[in-house]
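In our numbering, the protein residues as written are 759 to 1060.
Written as structure tokens, this is what we have:
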């Protein structure tokens, strides 16, 4: 597995671009999320949590639970709301919370592989250490000794400086968990590429539904980027490698002859797009190849 290096990073339209080569072998690039978008997502998430916290607080007060140990109760309630909210949201929505969905960012694995529950849990538990606990102590300033208040302020400053000081804009939790916050790709599948494939001669390769159920919209967008790269030809080593990876992943029974790799990719793109559009028509949207696995795992929990 090739790891992206700091020197691989480029700047495009004012955004830092980080290249990845995931297990599928199709090179992809992500724009590292800006500090502003991450801060906006965090503020939105805190607002959502506070709304739920406020409602539960009213219920607790009405039930008479707030009469004794109020401060301890609300601190515990806040922790029990925050941690599951962040962790479960990022697990269910593939690295996104409600705030991240609105601001268009997501969390990914730094090595291009699937984001694991261990990574999600680690980065969000560290958020308690980095942000929420020190912030709570800061609001209670005066209840500690001056040197304890000073240490709290120094720690919060260090937490703010870390993502500003590194090229990947990783906070401490991201560094420990091996995660990265990036802009969520919002590219739309362009019509002219699919149209040109449809109007061309009859497809030379046929694909069954079980072949097309392996990949989702995200992989299709990545394949479209490859096909739109006019610098690549059917002899390009990268094209050959991509074809081998796809045929192995979908267990395609027929061999792709030398010189037909680009035709195979175009036919696969056309068939995959039609398949995904038909799924969307009937209310099933596959974001990526892990869609079915996630849905199956979710059913097990019901």
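No residue lacks a Cβ here, since even glycine has one placed at the ideal position from N, Cα and C.
Around the beta-carbon of residue 1027, 16 or more other beta-carbon atoms lie within 10 Å, marking it buried. One Cα belongs to residue 889, the other to residue 1013, and the distance between them is close to 55 Å.
In the DSSP assignment, no residue is bridged to residue 855.
In this structure, residue 865 and residue 856 do not form a Cβ contact; the two beta carbons are roughly 14 Å apart against a cut-off of 8 Å.
Take residue 966, set aside five residues on each side of it, and no residue of its chain has a beta-carbon closer than 8 Å to its own. Non-local C-beta neighbours of residue 1005 in its own chain, meaning closer than 7 Å and more than five positions away in sequence, comprise 1014, ordered along the chain. Residue 788 sits in a strand when the DSSP states are folded into three classes. Across the structure, residue 963 and residue 936 are spaced so that their CA atoms are roughly 40 Å apart. Rounded to whole angstroms, the gap between the alpha carbons of residue 819 and residue 843 is 23 Å. Beta bridge pairing from DSSP links residue 863 with 941. Annotation for residue 862: 795, 941, 942, 944 place their beta carbon closer than 8 Å to its own, counting only its chain and skipping 5 residues before and after. Here residue 773 carries a strand assignment [DSSP, helix/strand/coil]. For a cut-off of 8 Å, the C-beta gap from residue 910 to residue 921 is around 19 Å, too long to register as a contact. Annotation for residue 878: 845, 848, 849 place their beta carbon closer than 6 Å to its own, counting only its chain and skipping 5 residues before and after.
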